[in-house]
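S.K.: To start, I am sharing the structure in question, which I have written as structure tokens.
Numbering (the numbering used here), first residue to last: 3 to 84.
Structure, rendered in structure tokens:
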């Protein structure tokens with residue numbers, strides 16, 4: 003599976019050190035190809051105001067495309083300013 007720049011992708015596992023959880027939606031901002039390694043992507047995760055909260059580089063297998071059965075949802079982040 004190859005992901006298109008600026009497209010939405012869904013995280014398939016938690017990354018607690020970044021405050022990210024399976025199901026979070028991010029945007030592809032870079033593709034990384036190194037010989038002998040799985041293709042990777044830099045993904046930007048933002049809050050509902052469009053403010054960046056994390057940019058992480060992940061292997062392709064950590065991501066999936068959204069489907070019609072996915073729904074956007076909101077969850078407060080611990081320590082967030084409201």
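Positions of the beta carbon are idealized from the N, C-alpha and C atoms, including for glycine.
#1: Of all the beta strand (DSSP E) runs that stay within the bounds of the region 6 to 40, which reach a length of 3 or more residues?
#2: For residue 46, which of helix, strand or coil comes out of DSSP?
#3: Is residue 68 near residue 12, with beta carbons less than 8 Å apart?
#4: Which class does residue 75 belong to by DSSP, given the choice of helix, strand or coil?
#5: Using 8 Å as the threshold, is the C-beta distance between residue 61 and residue 38 below it?
#6: Does DSSP classify residue 64 as helix, strand or coil?
#7: Roughly how many whole angstroms lie between the Cα atoms of residue 34 and residue 57?
M.R.: Working from what's here:
#1: 10 to 13 and 27 to 34
#2: strand
#3: yes
#4: coil
#5: no
#6: helix
#7: 14 Å
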